[in-house]
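Engineer: Sequences listed follow chains H and B, in order.
Heads up, the first sequence is in the working numbering, so the first residue is 1 and it goes up one at a time.
Heads up, the second sequence is in the working numbering, so the first residue is 521 and it goes up one at a time.
Quick one: the structure is below, and I'll ask about it shortly.
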Amino acid sequence: MDFKSAVLGKYNARIYKNRKDHILEVKEGLVQKIDANTRAVPGLMTNRGCCYAGCKGVVVGPLKDTCVITHGPIGCGFYSWGTRRNKARPDADGNNFIQYCFSTDMQEPDIVFGGEKKLKKAIDEVMAIFKPKRIMICSTCPVGLIGDDIHAVASQAEKDYGITCVAFSCEGYKGVSQSAGHHIANNGLMKKIIGTDDGGLLGPRSINLLGEYNIGGDGWETERLLKKIGYHVVAVFTGDGSAADIARSHRADLNLVQCHRSINYVAEMMKTAFGVNWLKVNFIGLSSIAKSLRDMATFFGDPEIIERTEAVIDEEVKAVTPEMAAYKSRLQGKTAAIFVGGSRSHHYQDLLRDFGVKTVLAGYEFGHRDDYEGREVIPDIKEDADSKNIENLTVSPDRRYRAFLSPERYLELKEAIGLEEYAGLIRAMADGGWVVDDLNHFETEEMIRLLKPDLFFSGIKDKFVAQKAGVVCRQLHSYDYSGPYAGYRGAANFGRDLTMGLYAPAWRLVTPPWREVESA
Amino acid sequence: MLDQTPKEIVVREGLCVNPLKTCQPVGALYAALGVSRCLPHSHGSQGCVSYHRTLLTRHFKEPAMASSSSFTEGASVFGGGANLKQSVKNIFDVYDPDVIAVHTTCLSETIGDDLNSFIQELDLPDGKIVVHCNTPSYVGSHVTGFGQMVAGFIRYLAQKDAPKIDKIGLFPGFVNPGDIRELKRLLALMNVTAIILPDPSFALDGPMTGTYKMFPPGGTPIADIVALGGVKKVLALGLLASKEPALTIKSRCGVETELLPLPMGVAGTDAFLLKLKELSSQPVPPELELERGRLIDLLLDSHQYFYQKKVAIFGDPDTVVGLVAMALEMGLTPKYVATGTPGEAFVVEAKALFAAHHEPLDGVRIKAGADLFELHQWIKNEPVDLLIGTSYGKQIAKAEDVPMVRAGFPILDRYGHAYHPLIGYPGTRRLAELALGALMDRYDRDCADEDLDVVM
């Protein structure tokens, strides 16, 4: 019996009906459709988080020059404090607020009588102590339910203090996963931050790096490469990022999109409003990095940059080749399953391929159909009750609209390098691989039992489940406190970490000798 | 590190910065993992349980399984009854626990979901149980949430007229599996048989065998919770964590109940052993007296490294009170004592320890409802020599270049810590060794080359 039938066979009728279209076997050459971004089944132990986690935890939390206040009871702020490994160094003013957790720590009377007063007070106190230029407010579940008007409080704060204050109604119950929070955060950045600073000169070949959160220093490694070739990185959304940089990002020549899911809204809106083209890139895995860098060089069409790109690729590949080969010799032929948020389950397949590791199952926690099937399906995606509640911001061309490419060149390049395109995860997988959306705990156990991958890439909630079952599990959210995994240096780091995981001496000690005697 | 923290203290009424507590539901989840074949269930939006499982897994380095009602906006408007009903059916169908322990969240509490009636209306498979407790996140902290869940089990399961048994009930409080194992050892040595509720050993310090079991052996059996109503006496450890369970077993089953601090430090462990001695009418065995003697020996041997060393102690109230007792016995000078959990009882208990040791309170700050930002500001104004507390304190340790010893919950950046008890004589022995190591390493690091002593 195949994996899908085995899993579905154990479900009751209602779960069966819900889950059957979230699981598919890849058939090359076939256009395949998957259910995604729909409600998790209550009780089924999804790995998903909430809207707040997507907004505060993922997108706005990493902004180092901004005080992000969590308006709610203490938990939400606490859990999203310093736990994602989105590294940051202090900005030009010496600020680094990501080491801090700011919360209104709402108590029962605040829930009963309303929390706006406490939020105002919290803002006053943030201003008195930290004097930031920007404050962001993120709502938690009860705030929306009791009807605190955080947007009015934010407007008042802007008047009172002459700062930028952005409120995000990202209550945990909105949408079906973190994904709703990404969208809400994108909208807020577009409305209030992007395009608010027209001052200063940008260097030539200016780019923004979107959907790069600098987990384990990934963004720094990527930036190092880009700068080495000769690009001017204006803003990173949002790893080691600052709102001050994002305010100027509308003037860049090109947006690079690493994590499509969490930031594609900004990419699309900046294209419409400011004419900035976007290019889907992947700085994970040697061939993907090279392709991304070459696509960028093609976009700018500057012979010097094209040449420099090849030189840098050559130099960087050479530097890691011996190490990569050593790890490959120990990893070749292994199999892997990957279940991460909304982009890594695709990106890391490229890197695993570099080591001769085959991906037998991949899935997203909170991806949409376009992340699986490619952006061309977006017009076919039907809105449901949950997605309708998330604002779809419509933007129109701004007076500062500036297209880097001529219309003819745009058409040419759209074809050549896939501008504003993303082909999705399914196409990246080999025939016979499994794709599972919102893999739950039961399916994880079954996957380990039936597909027996040598390596499982997931998060902390799964890690020790897999490990106890004898399967090496590396966290692809936090990189198990290692990294970076991006770029050439990162690829070697990744190989080292897989090798040490698979060959940790303790694996040989699991069965005590007297048990070995018994079973012999 | 923490460069934006100024020295001057501004009184804050609306803003918490760098909390020293988290919310009730995670404590409830932890407590429920200590019941045999129980699946904790969070009645709220699915982000809550994702965060809670993550935190517990990071602390214990073990799976922490729990499910969620996965509220959407619709459920938040129309109530979560349907979500709970569906969850319970799915959980029993797919995961097959014996009991589901539901705790509420700020979401389900704010909309006023009535869990009592929801649960009454459930159509449960034979022999399966659903219990619940109310843990709004805007009340108390993870410590009170822990107590609420234990009380929830008692309310649903403990039988008022249970047959009398020759056992005691023991509520261990919010402690690690290593503490539970130490409690069991002490009980066995004192020949006292106990029902321990909850018992997270095994669930959260499980061995590596090559086989994963969603419901590992261990945990308090349901039958034992039912039988709690017939025990001779209940010892409830942890004045805050076990307060609600103690009140509940007493009022519901009429069992004689004593609420005690966690048996931490020499005097704290002595007092606990005296209680057990009273219950078993047997002397304290020589083995424990020798162990105690070795500990006192260690404290005397090393006293010179503790004298006049100022320490900041922070974390959960019951644990911090115990750590203060230990610090005072070692001869350290607790300068700052802080918990994020609200409740003035903590301050009273901590002050009583100073009085018992004839230590003056001049210049000492003791605060409940504090946060790490405030603690950091105190330290900026008057420094300390050592930090004892939870992982987030490492930011302050780095910023102010102060050595730190980890103790309490959560500890996210160490492995193996939860195997070791903080309670009993071994708890003090370990803390003393860790504190000594930290202070001596610091001395060696900072001293002039000519002052580096190989023998200390």
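Virtual Cβ for every residue (Gly too), placed ideally from N, Cα, C.
Chain H partners of Leu535 (chain B), CB-CB under 9 Å?
Structural biologist: Locating residue 535 (chain B) in the second sequence gives position 15, counting from the first residue. In chain order: Ile69, Phe102, Ser103, Thr104, Asp105, Lys118, Lys121, Ala122, Ile123, Asp124, Glu125, Val126 and Ile129.
Engineer: Quick check: the stretch 170-180 of chain H against the stretch 45-53 of chain H, are at least 3 beta-carbon pairs closer than 8 Å?
Structural biologist: Yes, the stretch 45-53 of chain H is in contact with the stretch 170-180 of chain H.
Engineer: Please confirm whether Ile163 (chain H) has its beta-carbon closer than 8 Å to some beta-carbon of chain B.
Structural biologist: Residue 163 (chain H) sits at position 163 when you count from the first residue of the first sequence. No, no contact with chain B.
Engineer: Got a sec: is the Cβ-Cβ distance from Lys522 (chain H) to anything in chain B below 8 Å?
Structural biologist: Because chain H here runs from 1 to 520, residue 522 (chain H) falls outside it and cannot be looked at.
Engineer: Taking C-beta pairs closer than 7 Å, name the residues in chain H that Gly567 (chain B) reaches, listed in chain order.
Structural biologist: Within the second sequence, residue 567 (chain B) is the residue found at index 47, counting from 1. Near Gly567 (chain B) (Cβ distances below 7 Å), the residues of chain H are Gly49, Cys50, Tyr52, Ala53 and Gly172.
Engineer: Quick check on His474 (chain B): buried or exposed, where buried means 16 or more other Cβ atoms within 10 Å of its Cβ?
Structural biologist: Outside the shown range of chain B (521 to 976) lies residue 474 (chain B), about which nothing can therefore be said.
Engineer: Give me, in chain order, the residues of the same chain whose beta-carbon lies closer than 7 Å to that of Ile685 (chain B); leave out the 5 immediate sequence neighbours on both sides.
Structural biologist: For this step, residue 685 (chain B) is matched to residue 165 along the second sequence. Only Ala747, Gly750 and Val751 meet the Cβ criterion.
Engineer: What does Ile688 (chain B) touch in chain H if you count any residue whose Cβ is under 9 Å from its own?
Structural biologist: Mapped onto the second sequence, residue 688 (chain B) falls at position 168. The premise fails here: Ile688 (chain B) is roughly 33 Å from chain H at the closest Cβ pair, so nothing lies under 9 Å.
Engineer: Over the uninterrupted beta strand (DSSP E) stretch that includes Cys558 (chain B), give me the two end residues.
Structural biologist: Taking the second sequence and counting its residues from 1, one reaches residue 558 (chain B) at position 38. Residues Cys558 to His563.
Engineer: Does Gly823 (chain B) come out as helix, strand or coil in the three-state DSSP assignment?
Structural biologist: For the purposes of this step, residue 823 (chain B) is identified with residue 303 of the second sequence, where counting begins at 1. The residue you asked about is not Gly; residue 823 (chain B) is His in the sequence shown. Looking at His823 (chain B) - three-state DSSP - the assignment turns out to be helix.
Engineer: Are Ser287 (chain H) and Asp350 (chain H) close, meaning C-beta to C-beta below 8 Å?
Structural biologist: Within the first sequence, the letter at position 287 stands for residue 287 (chain H). Within the first sequence, the letter at position 350 stands for residue 350 (chain H). Yes, Cβ-Cβ distance for Ser287 (chain H) and Asp350 (chain H) is below 8 Å.
Engineer: DSSP on His368 (chain H), reduced to helix/strand/coil?
Structural biologist: Locating residue 368 (chain H) in the first sequence gives position 368, where the first residue counts as 1. Coil.
Engineer: Can you grab the Cα-Cα spacing for the pair Lys463 (chain H) / Tyr479 (chain H), in whole Å?
Structural biologist: To locate residue 463 (chain H), count along the first sequence from 1; it is residue 463. To locate residue 479 (chain H), count along the first sequence from 1; it is residue 479. The straight-line gap from Cα to Cα measures roughly 11 Å.
Engineer: Can you pull the chain B neighbours of Asp110 (chain H), defined as C-beta to C-beta under 9 Å?
Structural biologist: One-based indexing of the first sequence puts residue 110 (chain H) at position 110. Within chain B, the residues near Asp110 (chain H) are Tyr658.
Engineer: Tell me, please, whether the CB atom of Pro539 (chain B) is closer than 8 Å to any CB atom in chain H?
Structural biologist: In the second sequence, counting from the first residue as 1, residue 539 (chain B) sits at position 19. Yes, because at least one Cβ of chain H sits closer than 8 Å to the Cβ of Pro539 (chain B).
Engineer: For Lys87 (chain H) and Ile215 (chain H), what's the separation of their Cα atoms in angstroms?
Structural biologist: As a working mapping, residue 87 (chain H) is identified with position 87 in the first sequence. As a working mapping, residue 215 (chain H) is identified with position 215 in the first sequence. So the two alpha carbons sit approximately 6 Å from each other.
Engineer: May I ask you to list the residues that DSSP assigns as paired with Gly835 (chain B)?
Structural biologist: Numbered from 1 along the second sequence, position 315 holds the residue referred to as residue 835 (chain B). B:Thr859, per the DSSP bridge assignment.
Engineer: Answer yes or no: does any C-beta atom of chain H fall closer than 8 Å to that of Gln668 (chain B)?
Structural biologist: Within the second sequence, residue 668 (chain B) is the residue found at index 148, counting from 1. Not one chain H Cβ lies under 8 Å of Gln668 (chain B).
Engineer: So with Cβ pairs under 8 Å, would you call Tyr503 (chain H) a contact of chain B?
Structural biologist: Taking the first sequence and counting its residues from 1, one reaches residue 503 (chain H) at position 503. Answer no: the Cβ-Cβ gap between Tyr503 (chain H) and chain B never drops below 8 Å.
Engineer: Do the stretch 753-767 of chain B and the stretch 827-838 of chain B touch if we need at least three Cβ pairs shorter than 8 Å?
Structural biologist: Contact between the stretch 753-767 of chain B and the stretch 827-838 of chain B is present, because at least three Cβ pairs lie under 8 Å.
Engineer: Can you pull the DSSP bridge partners for Ile69 (chain H)?
Structural biologist: As a working mapping, residue 69 (chain H) is identified with position 69 in the first sequence. In the DSSP output, where bridge partners are listed per residue, Ile69 (chain H) has H:Phe102 and H:Ile137.
Engineer: Helix, strand or coil for Met710 (chain B)? Go by DSSP, reduced to three states.
Structural biologist: Against the second sequence, residue 710 (chain B) aligns to sequence position 190. It is coil, neither helix nor strand.
Engineer: Would you check if there are 3 or more beta carbon pairs closer than 8 Å linking the stretch 10-24 of chain H to the stretch 431-439 of chain H?
Structural biologist: Flag = yes, the stretch 10-24 of chain H and the stretch 431-439 of chain H touch.
Engineer: Would Ala273 (chain H) and Ile193 (chain H) be called neighbours here (beta carbons separated by less than 8 Å)?
Structural biologist: Locating residue 273 (chain H) in the first sequence gives position 273, where the first residue counts as 1. Locating residue 193 (chain H) in the first sequence gives position 193, where the first residue counts as 1. It is not a contact, given that the beta carbons lie outside the stated cut-off.
Engineer: Suppose you measure from the CA of Met127 (chain H) to the CA of Gly660 (chain B); what does that come to, to the nearest Å?
Structural biologist: What you label residue 127 (chain H) is simply residue 127 of the first sequence in a count that begins at 1. What you label residue 660 (chain B) is simply residue 140 of the second sequence in a count that begins at 1. Answer to the nearest angstrom: the Cα atoms are 28 Å apart.
Engineer: On the criterion of 16 or more Cβ atoms from any shown chain inside 10 Å, does Gln544 (chain B) qualify as buried, or is it exposed?
Structural biologist: Against the second sequence, residue 544 (chain B) aligns to sequence position 24. Burial call: buried.
Engineer: Does DSSP put Asn86 (chain H) in a helix, a strand or coil?
Structural biologist: Residue numbering aside, residue 86 (chain H) sits at position 86 when the first sequence is read from its first letter. Here Asn86 (chain H) sits in strand by DSSP.
Engineer: Assuming Gln475 (chain H) is part of the beta strand (DSSP E), what are its boundary residues?
Structural biologist: Taking the first residue of the first sequence as 1, we reach residue 475 (chain H) at position 475. Per DSSP, Gln475 (chain H) belongs to the beta strand (DSSP E) from Val472 to Gln475.
Engineer: With 16 other CB atoms within 10 Å as the buried threshold, where does Asn466 (chain B) fall?
Structural biologist: Not covered by the structure: residue 466 (chain B). The range shown for chain B is 521 to 976.
Engineer: Tell me which same chain residues have a C-beta within less than 8 Å of the C-beta of Leu502 (chain H), skipping the five on either side of it?
Structural biologist: As a position in the first sequence, residue 502 (chain H) is number 502, starting the count at 1. These residues qualify, in order along the chain: Arg330, Leu331, Lys334, Asp454, Leu455 and Val472.
Engineer: Expressed to the nearest angstrom, what Euclidean distance is found between the alpha-carbon atoms of Met429 (chain H) and Phe355 (chain H)?
Structural biologist: The residue labelled residue 429 (chain H) in the question sits at position 429 within the first sequence. The residue labelled residue 355 (chain H) in the question sits at position 355 within the first sequence. In a straight line, the C-alpha of Met429 (chain H) is about 16 Å away from that of Phe355 (chain H).
Engineer: For Arg926 (chain B), is the classification buried or exposed, using 16 other Cβ atoms within 10 angstroms of its Cβ as the cut-off for buried?
Structural biologist: For the purposes of this step, residue 926 (chain B) is taken as residue 406 along the second sequence, with counting starting at 1. Classification for Arg926 (chain B): buried.
Engineer: Is the CB of Thr46 (chain H) under 8 Å away from at least one CB in chain B?
Structural biologist: For the purposes of this step, residue 46 (chain H) is identified with residue 46 of the first sequence, where counting begins at 1. Taking Cβ atoms only, chain B reaches closer than 8 Å to Thr46 (chain H), which makes this a yes.
Engineer: List, in order along the chain, the chain H residues whose C-beta lies closer than 8 Å to that of Thr542 (chain B)?
Structural biologist: Position 22 of the second sequence, counted from the start, is the residue given in the question as residue 542 (chain B). Residues of chain H passing the Cβ test: Ile74, Gly75, Phe78 and Tyr79.
Engineer: To the nearest angstrom, how far is it from the Cα of Asp149 (chain H) to the Cα of Ile916 (chain B)?
Structural biologist: Stepping through the first sequence from its first residue, residue 149 (chain H) is reached at position 149. Stepping through the second sequence from its first residue, residue 916 (chain B) is reached at position 396. Each residue's Cα considered, the two are about 35 Å apart.
Engineer: Ignore the nearest five residues each way along the sequence and tell me which others in Ala723 (chain B)'s own chain have a CB closer than 7 Å to its CB.
Structural biologist: Stepping through the second sequence from its first residue, residue 723 (chain B) is reached at position 203. Only Leu553, Gly554, Pro736, Gly738 and Gly739 meet the Cβ criterion.
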